[in-house]
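Residue numbers (my numbering): 70 to 350.
Structural data, given as structure tokens:
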């Protein structure tokens, strides 16, 4: 297996890993994000800071690099699924060591790791839908070595009977392809700044995602408030308009009052930024 790969004749494996890491950092720094850690505050979180999020993201670069190497031009089979799972769990352990046991990017490791692997599987095919389909093929395969452990997300999935991060990946990341990427491109076309377009992309996901981070903290009423509030911002023209900014403040006030944070949507935004940077139309 080569130690330096050329992804689509543009990106090496290291550059691919760096792109994934930078997408996580850019998502963390992006402001204003309702309920989430950003450059202004820690949002609804008591145990997270921006510095911690950035350090956590950087600790994952070797994991993404290893995923790119091990997935290079390989088919989606059981062997690859188990290797992706093993590397992901090793990355999670490294993340936890860096953060002192705080879960900063567990969901992001799953989504981003699959997409990094999917790009490396067929580096000559960088169409977003095709990358997502390859990631879905991996996600659908069983991993006999995956530990059966409790998480707040899995508990919310069972309690509220909604799809979670696993189902999102197995479905080919519909909230990225149908919500975030189209909104990101639409807002750019309408003259939004890059940060405004990225926040709009986050809001597009928040209008529809059954975010288990929100459900685990605030239940169905908080989730519905998030859906309606995010849609109201976009209906007002997004973050580039005065009305959109005002409605975003209202949404943020409600989410802070509910002590909720759309962590699932944030993970998908980071994955969206990654796909946007490595893919071709």
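We put the CB at the ideal spot given by N, CA and C, even for glycine.
Taking the continuous alpha helix (DSSP H) assigned at residue 274, which residues delimit it?
From DSSP, the alpha helix (DSSP H) with residue 274 extends over 263 to 275.
Residue 316 versus residue 237 - alpha carbon distance: 28 angstroms
Quick test of the definition: if touching needs 3 or more C-beta pairs under 8 angstroms, does the segment 325 to 332 touch the segment 286 to 294? yes
For residue 344, tell me which candidate among 275, 215, 183 and 256 has the shortest Cα-Cα distance.
183
* Would the beta-carbon of residue 168 fall within 8 angstroms of that of residue 121? -> yes
If I measure Cβ to Cβ from residue 116 and keep anything under 6 angstroms in the same chain, skipping five residues before and after, which residues do I get? 171
- How would you write the range of the alpha helix (DSSP H) that residue 334 sits in, first residue to last? Residue 334 -> alpha helix (DSSP H) spans 332 to 347.
Report the CB separation of residue 181 from residue 133 in whole angstroms; it is logged as a contact under 8 angstroms.
7 angstroms
Per DSSP, what kind of secondary structure is residue 89 in: helix, strand or coil? helix
Note to self: The alpha helix (DSSP H) that contains residue 246, what's its start and end?
What the structure shows: Where residue 246 is concerned, there is no enclosing alpha helix (DSSP H), given that its DSSP letter is neither H nor E.
Checklist entry - Of the choices 312, 147, 135 and 341, whose alpha-carbon is the least far from that of residue 177? => result 341
Could you check whether residue 82 and residue 137 sit closer than 8 angstroms to each other, using their CB atoms as the reference points?
yes
Fill in: Environment of residue 213 [buried if 16+ CB atoms lie within 10 Å]
exposed
*Less than 8 angstroms separating the beta-carbons of residue 147 and residue 123?*
no
Within its chain, find whatever has a CB closer than 6 angstroms to the CB of residue 306; leave out the 5 residues flanking it on each side and keep chain order.
313
(request) With distances taken Cα to Cα, identify the nearest neighbour of residue 119 among 260, 151 and 98. (result) 98
In chain order, what residues of the same chain have a beta carbon less than 6 angstroms from the beta carbon of residue 336, not counting five sequence neighbours either side? 176, 177 and 180
Measure the C-alpha to C-alpha separation of residue 152 and residue 207 and round it to an integer number of angstroms. 11 angstroms
- Task: Indicate the three-state DSSP secondary structure (helix, strand or coil) for residue 184 in the structure shown.
- Result: helix
How would you label residue 215, buried or exposed, when you count the other beta carbons within 10 angstroms and need 16 or more for buried?
exposed
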